[in-house]
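Per numbering that gives the first Met the number 0, the very first residue in the sequence shown carries number 0; after that it's consecutive. Glycine included, every Cβ here is placed at the ideal spot set by N, Cα and C. Only one structure is covered here, and it is reproduced in the block below.
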Amino acid sequence: MMVNETGSGQPNRTELAGNSSETSAGGNFSAGTVLSSFAGALGALLVAGGTMSLWWPEQAVTSAPDTASPEAQSMQIPADGMEEFVHISGMATSVTLGFDEAGTYRIELRALDGASDPVLTLFAAGSDTPSATNDDAPGTLDAILPVRVTDASDAWRVELTSFGESSGPGVLRIFPVEEGEAIGVTTTTGPGAFPEGDIAVLNTAEPVEANVGYDGVWYTFQPTSSGVHILSIRAAQDGFDTIAALVPVLAGNEAPMPGTDVTVLRSAFSSDDDDGLNPRFARYLQEGATYYLFVRSFEDGAGGSIAISLDLAGDDVPVVMESPEEEDMIEEHVDPVDPSSSDDQSGGRKPNVH
């Protein structure tokens, strides 16, 4: 709930106008002295620049924990981004984000007093499952998350809190970025968003058929033994072009959070026209690991039928052993591993590559 200066009890945003003669070149603000208190003291924020807004959450109840849902606010983000002043505290402030244009955006929650420790959590609209969360972005106590907006009608929700008992004034900034400039794991509601809920299972030597379009289909599998596997996706129609992403999750690690954009995930492998217009993976897979396969049509609006098969290959099959973070692909040969050999320190799980 927000403090309303009119006493009506309804949510209100207090506009703070600065001196236009001191506006910075970028049209942003420069923060002055901030004094804030919820115990009856005066709260003020000196700002030089254009008009900004300050959201004041309701005073926390000290007699018992506040378990109510965070008060919801909203922001409509123009194509060139925007920013709002907020007060960061241990009590969450929920903000719904609408966007005028599709694209990749960076969401920043930054402290203005140098003492608060912001925490930012991102949700898809209507979901209570976090898509991503960030506390300390690299090199800072501020929180930064990227999001991919695939359609202007997409809506997202962020919850703003602080770590521990820290609190103070801050600024919520959302602005567009070019591909590769986003910090952290990108989330999306479009094609390639890691699904929430059950995923269809693919078994070794048991091909499956599926109808696929631009939104794509998902499968998961666990190899029954370690070794070089061939994962093949073949279209039933000539000229139907598909692309695929393969996400490995080794034993003991967690799968990506729902909404993670696997098409730009650095740990994922991608394949496009490795078998005509069909994707194809030939690589060493580990028993005990879980793999997630995403397949979609290359063109928006296209669709068709595909067959997916997973097979354990022979020891003499060449395998692609590239790093997901590198664009160049290096073809290397994998020698079979004898798990009983005293020279083998890998437990039979890693190949000898030369």
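DSSP bridge partner residues for residue 88 (one or two, in chain order):
On the sequence shown, position 89 is the one that residue 88 refers to. BP columns for residue 88 are empty, so no partner.
Within this structure, are the beta carbons of residue 293 and residue 217 separated by less than 9 Å?
Position 294 of the sequence shown holds residue 293. Position 218 of the sequence shown holds residue 217. It is a contact, given that the beta carbons lie within the stated cut-off.
Relative to the C-alpha of residue 201, which residue among 225, 282 and 230 is closest?
Taking the sequence shown and counting its residues from 1, one reaches residue 201 at position 202. When only C-alpha atoms are compared, the closest one is 230.
With a threshold of 8 Å, are at least 3 pairs of Cβ atoms found where one atom belongs to the stretch 155–168 and the other to the stretch 84–93?
Three or more Cβ pairs drawn from the stretch 155–168 and the stretch 84–93 lie within less than 8 Å of each other, which places the two stretches in contact.
Taking residue 152 as the reference, give the member of 234, 305 and 75 with the closest Cα.
For this step, residue 152 is matched to residue 153 along the sequence shown. For the residues 234, 305 and 75, the minimum Cα distance to residue 152 belongs to 75.
State buried or exposed for residue 125, treating a residue as buried only when at least 16 other CB atoms are found within 10 Å of its CB.
Counted from its first residue, the sequence shown places residue 125 at position 126. It is exposed - the Cβ of residue 125 has fewer than 16 other Cβ atoms within 10 Å.
Of the residues 227, 271 and 255, the one placed nearest residue 241, counting alpha carbons only:
Start at 1 with the first residue of the sequence shown, and residue 241 comes out as number 242. Residue 241 has its Cα closest to that of 271, out of 227, 271 and 255.
Consult DSSP for residue 262 and reduce its assignment to one of helix, strand or coil.
Translated into the one-based positions of the sequence shown, residue 262 becomes position 263. Helix, per DSSP.
Would DSSP call residue 115 helix, strand or coil?
For the purposes of this step, residue 115 is identified with residue 116 of the sequence shown, where counting begins at 1. For residue 115, the secondary structure class from DSSP, reduced to helix, strand or coil, is coil.
According to DSSP, is residue 73 helix, strand or coil?
Residue 73 sits at position 74 when you count from the first residue of the sequence shown. Residue 73 falls in the strand class under three-state DSSP.
From 157, 253, 268 and 111, residue whose alpha carbon lies closest to that of residue 133:
One-based indexing of the sequence shown puts residue 133 at position 134. Checking every option, the nearest Cα to that of residue 133 belongs to 157.
Take the Cβ of residue 296 as the centre, count every other Cβ of all protein chains shown within 10 Å, and call the residue buried at 16 or more, exposed below.
For the purposes of this step, residue 296 is taken as the residue at position 297 of the sequence shown. With 16 or more Cβ atoms within 10 Å of its Cβ, residue 296 is classed as buried.
Residues near residue 77 by beta carbon distance below 6 Å, same chain, minus five either side:
If you number the sequence shown from 1, residue 77 lands on position 78. For residue 77, where only same-chain residues beyond five positions count, the Cβ hits under 6 Å are 99.
Proximity below 9 Å, CB of residue 80 to CB of residue 147:
To locate residue 80, count along the sequence shown from 1; it is residue 81. To locate residue 147, count along the sequence shown from 1; it is residue 148. Their beta carbons are not under 9 Å apart, which means residue 80 does not touch residue 147 by this criterion.
Counting pairs of Cβ atoms below 8 Å between the stretch 241–255 and the stretch 281–290, do you hit three or more?
yes
Roughly how many whole angstroms lie between the Cα atoms of residue 233 and residue 278?
To locate residue 233, count along the sequence shown from 1; it is residue 234. To locate residue 278, count along the sequence shown from 1; it is residue 279. If you take the alpha carbons of residue 233 and residue 278, they lie about 7 Å apart.
Please say whether residue 93 and residue 259 have beta carbons closer to each other than 9 Å?
Taking the sequence shown and counting its residues from 1, the one referred to as residue 259 is at position 260. Taking the sequence shown and counting its residues from 1, the one referred to as residue 93 is at position 94. No.
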